[in-house]
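Residue numbers (my numbering), protein chains in the order written: chain A, 1 to 216; chain E, 1001 to 1133.
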């Protein structure tokens, strides 16, 4: 397998032929980037399946407040709107960073990654502030089944964002230390797929948890 | 730099994740794609926040509208940010996505369906207390 991949990616003779442009359509080997992207996409789908289990749990338990506060009393929609804006903009800047990386343009890549990191950190800060406020009000995860499910679901997304931020920093460090090597560009591709997927999950989250919870 | 030469080759319009064009004069197109995605996603987000708090819409239809808007926004993210499109390189990604959607629907629908039936067939706590008297 590695021999074929190496040939598909590194064979300099194929570069100028123009054959590789239609290679995949003609049933030849796909480039390593496409294979890596596909493999990572499978992982992301498994992550989405895991989140859907948490969503199902939350939807089942949303009414079980055990006399405690419901979402309507707890959720602060303006805060959620700011969180959503942060994550959406960070998804955009992450896309810009991946373009900058593939162009080997440092200022673009580092600037966009810094913006992504800052927006992601802002999102996490607002979320932690919200969690701390809820726990201070006595609405922690132990209060009711609804709140357990809420903290599991939203906290799991927050943990993913934290992991994404750490990954972002290691990608910046790798580019800084090793440059725009092909394998590092593939890692940046995986990172950007991960970050965009977190935003997709947040779309489901703010709709199901916050908008439906606060509006009802 | 055989690798960057190879990357700068012409590529078909629909490309799998990571296979977008990187050629200098086509950067604008790549950024433009992300801008279109950002604009559409912002629009859908603003509409769903508006719908959730407005009194202009018939109230029972609000959850349905929110779900439709969310699914539309996920589609926008998939196409413009993750580049899951209908190109030939993307067939495997789309098939995997279809399988993932199937599992998610089974999981969500199955859980909600079964738990709703359980709730219906089970007496509430008050009724049980009444019977024990």
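Using N, Cα and C, we set each Cβ at its ideal position, and we do this for glycine too.
1. With a cut-off of 8 Å on the beta carbons, I'd call residue 161(A) and residue 206(A) a contact; round off their distance for me.
2. Going along chain A, which residues have a C-beta under 7 Å from residue 1032(E)?
3. If you follow the alpha helix (DSSP H) that residue 1093(E) is part of, which residue opens it and which one closes it?
4. Would you kindly check if the distance between the Cβ of residue 189(A) and the Cβ of residue 37(A) is under 7 Å?
5. Could you run through the stretch 1061–1073 of chain E and flag, in chain order, every residue whose CB is less than 8 Å away from some CB of chain A?
6. What are the boundary residues of the alpha helix (DSSP H) that residue 78(A) is part of?
7. So which residues on chain A does residue 1096(E) lean against when the C-beta distance must stay under 9 Å?
8. Is the beta carbon of residue 1076(E) less than 7 Å from the beta carbon of residue 1035(E)?
9. Residue 1041(E) touches chain A at which residues, Cβ-Cβ below 7 Å?
10. Would you report the Cα separation of residue 213(A) and residue 107(A), rounded to the nearest angstrom?
11. Any C-beta of chain E sitting closer than 7 Å to the C-beta of residue 75(A)?
12. Within the continuous alpha helix (DSSP H) that includes residue 73(A), where are the two ends?
13. I need the DSSP call for residue 192(A), collapsed to helix, strand or coil.
14. Taking only beta carbons into account, state which residues of the stretch 125–159 of chain A come closer than 9 Å to chain E, listed in chain order.
So, from the listed chains and residues:
1. Your numbering for residue 161(A) matches position 161 in the first chain. Your numbering for residue 206(A) matches position 206 in the first chain. For residue 161(A) against residue 206(A), the beta-carbon gap comes to about 14 Å, at or over 8 Å, which does not count as contact.
2. Your numbering for residue 1032(E) matches position 32 in the second chain. Those do not exist, as residue 1032(E) stays about 11 Å from chain A at its closest Cβ, beyond 7 Å.
3. As a working note, residue 1093(E) is residue 93 in the second chain. 1091–1121 is the span of the alpha helix (DSSP H), which, as asked, contains residue 1093(E).
4. Along the first chain, read from residue 1 onward, the residue named residue 37(A) stands at position 37. Along the first chain, read from residue 1 onward, the residue named residue 189(A) stands at position 189. Residue 189(A) is positioned such that its CB atom lies closer than 7 Å to that of residue 37(A).
5. Within the stretch 1061–1073 of chain E, contact with chain A at the beta-carbon level (separation under 8 Å) is assigned to 1062, 1063, 1066, 1067, 1069, 1070, 1073.
6. Residue 78(A) sits at position 78 when you count from the first residue of the first chain. Residue 78(A): member of the alpha helix (DSSP H) spanning 77–102, first to last residue.
7. Translated into positions along the second chain, residue 1096(E) becomes position 96. Those are 38, 41, 42, 45, listed as they occur along chain A.
8. Numbered from its first residue, the second chain carries residue 1076(E) at position 76. Numbered from its first residue, the second chain carries residue 1035(E) at position 35. For residue 1076(E) and residue 1035(E), no; Cβs fall outside 7 Å.
9. Here the question's residue 1041(E) lines up with position 41 in the second chain. Against chain A, the beta carbon of residue 1041(E) has neighbours under 7 Å at 88, listed in chain order.
10. Here residue 213(A) refers to the residue found at position 213 of the first chain. Here residue 107(A) refers to the residue found at position 107 of the first chain. In this structure, the straight-line span from the alpha carbon of residue 213(A) to that of residue 107(A) is close to 42 Å.
11. The residue labelled residue 75(A) in the question sits at position 75 within the first chain. Contact of residue 75(A) with chain E is not assigned, every C-beta pair being separated by 7 Å or more.
12. For the purposes of this step, residue 73(A) is identified with residue 73 of the first chain, where counting begins at 1. Judged by DSSP secondary structure, residue 73(A) falls within the alpha helix (DSSP H) whose first and last residues are 71–74.
13. On the first chain, position 192 is the one that residue 192(A) refers to. When secondary structure is reduced to three states using DSSP, residue 192(A) falls in the helix class.
14. Residues: none.
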